[in-house]
Amino acid sequence: MKRIAMKIPKTVKIGAKTFSVSFNDPVSQDMSTDGYINYGQQKIVLRNHLLNKERQEQAFIHEITHAIDDSFCIKDSGEKLTESEVERLSSSFYQIVKENKIF
Ligand SMILES: [Zn+2]
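Residues -7 to 95 (our numbering) are what the sequence shown spells out, left to right.
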C-alpha cells in the first residue's frame, strides 16, 4: 500500500489553546510511552528515539485526542476519558484515516 505521509505540525490549535509539538526523548517522563501532553505548558512531546514515522503519527493522534477531551469534555459526566478510551478512539481514527488515504 502506498504510504500517505501525515504532516505533523509544529503547533496545533485545539479549541482555544495552541500546543507546541516537539520531538524529544523525555527524561523525567515514563519511557514506556511514545509521547505526552502538558496542558499547563501547552506542549505535546513525541518521543524521537526508536520511533518510526507511523508510531510518531499514532502518538500525535493519541495526544491530540487527550487535548480534545481536555478542551471539549467528551464525556457527559464531566470525567476525563480513560487512557484506554483515548487509545481506542485515537487508534481507530488513525486506522480509518490511513486506510482510506484521507491524509
Ligand atoms: Zn494517553
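Cβ atoms here follow ideal geometry from the backbone N, Cα and C, with glycine treated the same way.
Go to Ser84, then tell me how far its alpha helix (DSSP H) extends in each direction, as first and last residue. Your numbering for residue 84 matches position 92 in the sequence shown. It spans Glu75 to Glu91 - the alpha helix (DSSP H) in which Ser84 sits, taken as one unbroken run.
I want to check one thing, is the minimum distance from the CB of Glu49 to the heavy atoms of ligand 1 below 7 Å? Stepping through the sequence shown from its first residue, residue 49 is reached at position 57. For ligand 1, no non-hydrogen atom lies closer than 7 Å to the CB of Glu49.
Distance between beta carbons of Gly27 and Glu55, contact taken as under 8 Å: Residue numbering aside, residue 55 sits at position 63 when the sequence shown is read from its first letter. Residue numbering aside, residue 27 sits at position 35 when the sequence shown is read from its first letter. 5 Å between Cβ atoms; contact.
Would you call Thr10 buried or exposed, if buried means 16 or more other Cβ atoms sit within 10 Å of its Cβ? Numbered from 1 along the sequence shown, position 18 holds the residue referred to as residue 10. Under a 10 Å Cβ-count criterion, Thr10 is classified as exposed, with fewer than 16 other Cβ atoms of the shown protein chains found around its own Cβ.
If you draw a straight line from the C-alpha of Pro1 to the C-alpha of Lys45, how long is it? On the sequence shown, residue 1 is found 9 positions in, with the first residue counted as 1. On the sequence shown, residue 45 is found 53 positions in, with the first residue counted as 1. Whole-angstrom Cα-Cα distance: 13 Å.
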